[in-house]
Structures are given as structure tokens and as C-alpha cells.
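Residue numbers (this note's numbering): 6 to 330. Glycine included, each C-beta is placed from N, C-alpha and C at the ideal position. Here the structure is a predicted model, which means the values were calculated and not measured.
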Amino acid sequence: MGEMRTLDVLIAGQGAAAYAAALYSARYQLDTLMAAEQFGGETATGGLIENYPGALDVDGFDLMLRFKEQTDALEVPLVSSDLVHVRPEGDAFLCDLEDGSTVRALSVILAIGRERRKLYLPHEDEWVGKGVSYCSTCDAPLYRGKRVAVVGGGSAAVEGAVLIAKYAAQVYLIYRRESFTRPEPVLLRILEQTGNVARLTSTEVTALLGSDEEGLRGICISRPYEGRDSLDVDGLFIEIGADPRTQVARELELELNSATDEVHVNRLMQTNMPGIYAAGDLTDASGALKQTVTAAAQGAVAALSAYTYVSEHPSKLGASTGAAT
Ligand SMILES: Cc1cc2nc3c(=O)[nH]c(=O)nc-3n(C[C@H](O)[C@H](O)[C@H](O)COP(=O)(O)OP(=O)(O)OC[C@H]3O[C@@H](n4cnc5c(N)ncnc54)[C@H](O)[C@@H]3O)c2cc1C
Numbered sequence: 006m007g008e009m010r011t012l013d014v015l016i017a018g019q020g021a022a023a024y025a026a027a028l029y030s031a032r033y034q035l036d037t038l039m040a041a042e043q044f045g046g047e048t049a050t051g052g053l054i055e056n057y058p059g060a061l062d063v064d065g066f067d068l069m070l071r072f073k074e075q076t077d078a079l080e081v082p083l084v085s086s087d088l089v090h091v092r093p094e095g096d097a098f099l100c101d102l103e104d105g106s107t108v109r110a111l112s113v114i115l116a117i118g119r120e121r122r123k124l125y126l127p128h129e130d131e132w133v134g135k136g137v138s139y140c141s142t143c144d145a146p147l148y149r150g151k152r153v154a155v156v157g158g159g160s161a162a163v164e165g166a167v168l169i170a171k172y173a174a175q176v177y178l179i180y181r182r183e184s185f186t187r188p189e190p191v192l193l194r195i196l197e198q199t200g201n202v203a204r205l206t207s208t209e210v211t212a213l214l215g216s217d218e219e220g221l222r223g224i225c226i227s228r229p230y231e232g233r234d235s236l237d238v239d240g241l242f243i244e245i246g247a248d249p250r251t252q253v254a255r256e257l258e259l260e261l262n263s264a265t266d267e268v269h270v271n272r273l274m275q276t277n278m279p280g281i282y283a284a285g286d287l288t289d290a291s292g293a294l295k296q297t298v299t300a301a302a303q304g305a306v307a308a309l310s311a312y313t314y315v316s317e318h319p320s321k322l323g324a325s326t327g328a329a330t
């Protein structure tokens, strides 16, 4: 059996952080491989992006295609398979991919983002795209003139309700606590001024009503509203937050942020394990501001850190990895 090739860097992800890391890593002439099954990350499904510098009102999917065009131009290889485990082996890492293959790399950049939180109600998964959505920005226009419920009490839920209210006839904003305290006051003022949003506090969604043919037709609620314990709705937007994908990080015993569970990195995107870097929404690098621009910037920084590490790696002593910034 031939000896396994050792990459300079394996980049896990295909979102903004991963593509930016791959762009910089290729320009640093690192032997790079990207690994992720799904293209584009949350930016690609986020609908219209209005705040990415230099790109006025661009569709998120198109923006990510532009990211990919740049790494394609530099011929960065990509394997369409997720990273499952990373195992330290000597002075390198063995990276097991979902497709059963294993690659060896001197360094790893984790840019695998976050998982949207679910209600875990029966039919929730089957009716995604049939009335159930996790993305107000993407799907709000589908509910023109309809009745829609939004679940959640944070900024994403309130922003989502206000946005959907521009299209829908009636929006029910459902929150399990007594009052909305987490969103910024300016956002709550906009909510108050939005006439077609009813706020149902101390209320939870307890069941989804509908059929596999028709999709969602209504929801049951824990506290009666206008004398009814169910609401007829055409759409349910679940905006209750997201959890960083930390399984690989936990196995590696990387330090996590004790408050947010995100992978803890310093300003160079270094984790507590030499050779392992993290970038984007997976990390605590930019606090609550989790955006395409911050993810991309962190990916670039992580690539520089990987380049510095690899250049000083014992196996590279005497070899040159010329930089071209
Ligand atoms: C609805 C919505 C609208 C948004 N609108 C905006 C906006 O207007 N402007 C803005 O700046 N930001 C917006 N954002 C936020 C922005 O999309 C994120 O901050 C950004 O996508 C984070 O990039 P990332 O690369 O860190 O993670 P992601 O984009 O989540 O990418 C993660 C990547 O990792 C992959 N992956 C997952 N698990 C594995 C694994 N085990 N191995 C390998 N790969 C894996 C995923 O398939 C994906 O390719 C929005 C987000 C949402 C949800």
C-alpha cells in the first residue's frame, strides 16, 4: 500500500469562512483540500444579502458562487464529503470523511458553522418546504396575503416577524416567555408599529396540523388565543436560534466558550490545539455579530495562521512555501 499524501491544510466547510480560507491558503501556496458535502452554507440560503461590502443587493447563492469562482480559478480541490473525525497522529492530523476516506493534513481549519434549532414536533422535518421554514429572509415572499406564525423571542424572530408582515395578511409571533427582552429596543419599536403582528407570549407551539399532501395547515398552542387553542396558518417560521457544530471540536477536546458553546479562538483564529484553527459562525470570534463578512474575514486570518504554522512545521524545515498575498 502506498504512503498517504500529507496535505498542508484541510478546510472543512463550503461557506463564506471556508471559501475565504481556501482563497488565502491557495495564494499562500499551501497544499489545500476543501471538504464539505453542501455548497454555500447559510449565506447561500439566506436570500438577499444587502450588507456584504462591495456587492449591492446580491442573492446569497450568487454571492457564494462568486466565492467559489475565485477558488476554482486557483484550482483548489474540493471533496464533496463532510468531516467526521479529526485524530492527531504524530505531528499531523488524520481527517476521516463521511465518504469513508481519510486524509492526512499538517493543519485543519474548521469552518462548519451552526445548526438551526428545531422544535422537534411530529411532522416538523417532513413539512419543511411545505409550510415549515427556518429562514424568514428566504421564504417570507412565499406567504403573500397568508397567515403565518413565527416562533421565538430573539432578534431573529422579531426581525423575521416584521419582514413576513410585509407580505402576509396576519402574523402571530409566539414566544414561550412573558415578554420580549432580548431584541434591541429599536427593533421592538418597529414591531409595535407593525399592525398585522399579534404577539402571543407565555405560549408554546405544541403540535403541527396538516397532512403530507397539503403540508402545514395549522398549529396547536399551549395557551388559548381569542378563545381557541389552535391557529389556522399556512406557514410556521421557527426562529429559535442555532447551535455551533462542535462534535469534531469536542472529540479533539478543543476549548469551547463557556457561555455560548462556540469554539473558542484567539484573534489569530487559533484554537487551544496547535495546528487546528476555526473560523466563522462556529467560533466566538465576533461575538453576536455572525455575518458573511465576519466569517470571510476570519477564514482569511485562519489561513494566514495555518500558513505560519505549516511553514514552521518540522516536516517543512528546509522546504519553501512561498507567499503571494
Ligand atoms: C436566514 C439567514 C439570513 C442571513 N442573512 C445575512 C445577511 O443578509 N448578511 C450577512 O452578512 N449574513 C447573513 N446571514 C448570516 C450568514 O449567512 C452567516 O453568518 C454565514 O453564512 C456564516 O458563514 P460560515 O462559513 O461560518 O458558516 P456557514 O455558512 O453555515 O457554512 C458552514 C459550511 O460547513 C458545512 N458543514 C457542516 N458540517 C460539516 C462537516 N462536518 N464537515 C464539513 N463541512 C460541514 C456546511 O454544509 C456549510 O457548507 C444570514 C443567515 C441566515 C440563516
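Annotation for K295: D286 place their beta carbon closer than 6 Å to its own, counting only its chain and skipping 5 residues before and after. The beta carbon of R92 lies closer than 6 Å to those of L99 in the same chain, with the five residues before and after it left out. Of all alpha-carbon atoms in T297, L213 and E164, the one lying nearest the alpha-carbon of S235 is that of L213. The region 30 to 82 contains, as complete beta strand (DSSP E) runs of 3+ residues, the segments 37 to 40 (chain order).
Look at the beta carbons and you see the region 306 to 314 touching the region 274 to 283: at least three pairs across the two are nearer than 8 Å.
For I169, the Cβ stays outside the 7 Å cut-off from all heavy atoms of ligand 1. Taking A203 as the centre and dropping the five residues before and after it, the same chain places the C-beta of Q175, V176, Y177, L178 and Y230 closer than 8 Å to its C-beta, in chain order.
Contiguous beta strand (DSSP E) elements confined to the region 258 to 298 occur at 281 to 283, taking only those with 3 or more residues.
In this chain, G223 is not harboured by any alpha helix (DSSP H); it is covered by the beta strand (DSSP E) spanning G220 to Y230.
A distance criterion of 7 Å places the beta-carbon of Y57 in contact range of ligand 1, judged by its closest non-hydrogen atom. Per DSSP, the unbroken beta strand (DSSP E) holding Q175 starts and ends at Q175 to I179. Rounded to whole angstroms, the separation of the alpha carbons of L79 and I245 is 39 Å. In this structure, ligand 1 has no non-hydrogen atom nearer than 7 Å to the beta-carbon of Q75.
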